[in-house]
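Chemist:
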Amino acid sequence: PGTMAAAAYELLVLGGGSGGLAGARRAAELGARVALVEPRRLGGTCVSHCGLCGQVMWNTAVHAEFVHDHADYGFETPGVKFNWRTIKEKRDAYVRRLNDIYENNVKKAHIDIIRGYGKFTADPEPTIEVDGKKYTAPHILIATGGRPAVPSDSEIPGASLGMTSDGFFDLEELPRRSVIVGAGYIAVEIAGILSTLGSKSSLLIRHDKVVLRTFDSLISSNCTQELENTGVDVWKHTQVKEVTKSACGLLDVTVTSAVPGRKPTEGVIRDVDCLLWAVGREPNSEGLCLDQVGVQMDPKGHVVVDEYQNTTRRGIYAVGDVCGKALLTPVAIAAGRKLAHRLFEGKQDSRLDYENIPTVVFSHPPIGTVGLTEEEAVAIHGKDNVKIYNTSFTPLYHAITQRKVKCVMKLVCAGKEEKVVGLHMQGLGCDEMLQGFAVAIKMGATKADLDNTVAIHPTSAEELVTLR
Numbered sequence: 056p057g058t059m060a061a062a063a064y065e066l067l068v069l070g071g072g073s074g075g076l077a078g079a080r081r082a083a084e085l086g087a088r089v090a091l092v093e094p095r096r097l098g099g100t101c102v103s104h105c106g107l108c109g110q111v112m113w114n115t116a117v118h119a120e121f122v123h124d125h126a127d128y129g130f131e132t133p134g135v136k137f138n139w140r141t142i143k144e145k146r147d148a149y150v151r152r153l154n155d156i157y158e159n160n161v162k163k164a165h166i167d168i169i170r171g172y173g174k175f176t177a178d179p180e181p182t183i184e185v186d187g188k189k190y191t192a193p194h195i196l197i198a199t200g201g202r203p204a205v206p207s208d209s210e211i212p213g214a215s216l217g218m219t220s221d222g223f224f225d226l227e228e229l230p231r232r233s234v235i236v237g238a239g240y241i242a243v244e245i246a247g248i249l250s251t252l253g254s255k256s257s258l259l260i261r262h263d264k265v266v267l268r269t270f271d272s273l274i275s276s277n278c279t280q281e282l283e284n285t286g287v288d289v290w291k292h293t294q295v296k297e298v299t300k301s302a303c304g305l306l307d308v309t310v311t312s313a314v315p316g317r318k319p320t321e322g323v324i325r326d327v328d329c330l331l332w333a334v335g336r337e338p339n340s341e342g343l344c345l346d347q348v349g350v351q352m353d354p355k356g357h358v359v360v361d362e363y364q365n366t367t368r369r370g371i372y373a374v375g376d377v378c379g380k381a382l383l384t385p386v387a388i389a390a391g392r393k394l395a396h397r398l399f400e401g402k403q404d405s406r407l408d409y410e411n412i413p414t415v416v417f418s419h420p421p422i423g424t425v426g427l428t429e430e431e432a433v434a435i436h437g438k439d440n441v442k443i444y445n446t447s448f449t450p451l452y453h454a455i456t457q458r459k460v461k462c463v464m465k466l467v468c469a470g471k472e473e474k475v476v477g478l479h480m481q482g483l484g485c486d487e488m489l490q491g492f493a494v495a496i497k498m499g500a501t502k503a504d505l506d507n508t509v510a511i512h513p514t515s516a517e518e519l520v521t522l523r
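Numbering (the numbering used here), first residue to last: 56 to 523.
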């Protein structure tokens, strides 16, 4: 179709990831004529890379952990072997099935898929050009997502010899020697997976002595300890200086460690077959020609939006990772759907509330967190108006195992009524435990509400309703 046919669209969506698909499908359900621009397979980062692929690999690593406990539970399992290729084949087939499901769902919704990269033109009305063809609509949604950031070779010589989380899922074999650079949740998750499956793994963190620095201090310190307990060698105050490839094809990673108050030292990690950069994510906004339509970006390239996902140009919106706020698949999905209801169902106040969004990190053991950290609560409510409830215990599962993994929990309460404003936990089952408590916290639950709930015994979750 040319420009004439394209004018019939009521919504154009740039990007076929979670946010774009959710917004497009909900708009189509509400009767809008929708087209979606995407050069690759549908599903975005969640399906193809970090999210569901990562979850499959985390489940694989959990199996490896449980193998260590078999003897304690009376099972004799000598000679257990792990085959990386088997799980890679099954995982990749699962992703292909999901991609096909997404394609079918879009077709069933009568959404036109325009294959290629879209960019804005200088036309008076907001217009998208894809491979020389122009498309217009009164509403255009930018949902192009993000990608892993990688240092350039000019910043760190040889940096391009490493890979990102995307490359991790292309590995044909379990690496023998892994180096992961970063301290965020992707670095923590991949370091845990590789180490648990048997790869000798080092995690290089630049700043303080802990990972996940934006999380509550209890979680940051406990997660760092658990990484070390699972065999990850955590190098603190360390940065990569140079990467070179040896004659045998393996990498030598030169690092500098600068502990405050001490003279910097230099070392080399040799024979590395997996150097993985997990140093943050960048928005996919360059190449969209946003300056042509007056859409503002922040210095890092994130599209600036208000609470209703409006950009600085009327009729153009953005959701998901390209906005740089709460980089989570369910956030992009919820924001896309809320926007569709506002635009095509007349719900003027339909917007996503970004407060109290629950988050899980699939570390070993998993982390669940929602609401304010203790530090944030004190800054907002004042130290005298914040009360903290902590617990640390060994879950019943580990009562009879040689391998001991503790569970830690923290409730952050504020005001005279002790409203629960934050919940942070790490331990077996905390990933599944969080959702129900997140509902309660979203509804304004107080410490008394939790106390008045009868405990389910014996579970780890009961600790949260029996804290003193």
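Ideal placement from N, C-alpha and C gives every residue a C-beta, glycine not left out.
Computed from a predicted model, the values in this text were never measured in an experiment.
Let me make sure I understand the geometry here. Which of Ala63, Ala503, Thr309, Leu107 has the alpha-carbon closest to that of Ile211?
Modeler: The residue with the shortest Cα to Cα distance from Ile211 is Thr309.
Chemist: So which of Ala387, Gly239, Ser250, Glu180 has the shortest CA-CA distance to Asp263?
Modeler: Comparing Cα positions, the closest option is Gly239.
Chemist: Which whole-angstrom value describes the C-beta separation of Val463 and Gly482, a residue pair presumed to lie in contact below a C-beta threshold of 8 Å?
Modeler: Contact holds; Cβ gap of about 6 Å.
Chemist: For Lys136, which of helix, strand or coil comes out of DSSP?
Modeler: Lys136: coil per DSSP, three-state reduction.
Chemist: Any idea what DSSP makes of Tyr190, helix, strand or coil?
Modeler: Tyr190: strand per DSSP, three-state reduction.
Chemist: Go through the segment 392-450 residue by residue and report every complete run of the alpha helix (DSSP H) that reaches 4 residues or more, in order.
Modeler: Here the runs fully enclosed are 429-436.
Chemist: Do you know offhand how far Ala510's Cα is from Glu517's?
Modeler: When rounded, the distance between both Cα atoms is 5 Å.
Chemist: Under a three-way DSSP split, which group does His123 fall into?
Modeler: Three-state result, His123: helix.
Chemist: What does DSSP give as the partner residue(s) for Arg232 in the beta ladder?
Modeler: Per DSSP, Lys255.
Chemist: Return the first residue and the last residue of the beta strand (DSSP E) that Val185 is part of.
Modeler: Per DSSP, Val185 belongs to the beta strand (DSSP E) from 182-185.
Chemist: So, is Tyr42 buried or exposed, given that buried needs 16 or more other C-beta atoms within 10 angstroms?
Modeler: The question about residue 42 has no answer, for the chain in this structure spans 56 to 523.
Chemist: Between the beta-carbon of Ile260 and the beta-carbon of Val295, is there less than 8 Å?
Modeler: For Ile260 and Val295, no; Cβs fall outside 8 Å.
Chemist: Looking only at its chain, what residues have a beta carbon closer than 7 Å to the beta carbon of Gly200, apart from the 5 residues adjacent to it on each side?
Modeler: These residues qualify, in order along the chain: Gly70, Gly72, Gly99, Thr100, Asn339, Gly375, Asp376, Val377.
Chemist: Check the C-beta distance from His118 over to Thr285 and give it rounded, since I have them as a contact under 8 Å.
Modeler: The Cβ separation is near 14 Å, so there is no contact.
Chemist: From Leu252 to Asp506, what distance separates their C-alpha atoms?
Modeler: When rounded, the distance between both Cα atoms is 40 Å.
Chemist: Taking Leu345 and Tyr372 to be in contact with their CB atoms under 8 Å, please state how far apart those CB atoms are, rounded to whole angstroms.
Modeler: In fact, because the Cβ distance is near 13 Å, the residues do not count as touching under 8 Å.
Chemist: What is the DSSP secondary structure of Pro354, reduced to helix, strand or coil?
Modeler: Correct three-state label for Pro354: coil.
Chemist: I need the DSSP call for Arg325, collapsed to helix, strand or coil.
Modeler: Correct three-state label for Arg325: strand.
Chemist: For Gly370 versus Pro179, is the C-beta spacing smaller than 8 Å?
Modeler: No, these two residues do not count as a Cβ contact at 8 Å.
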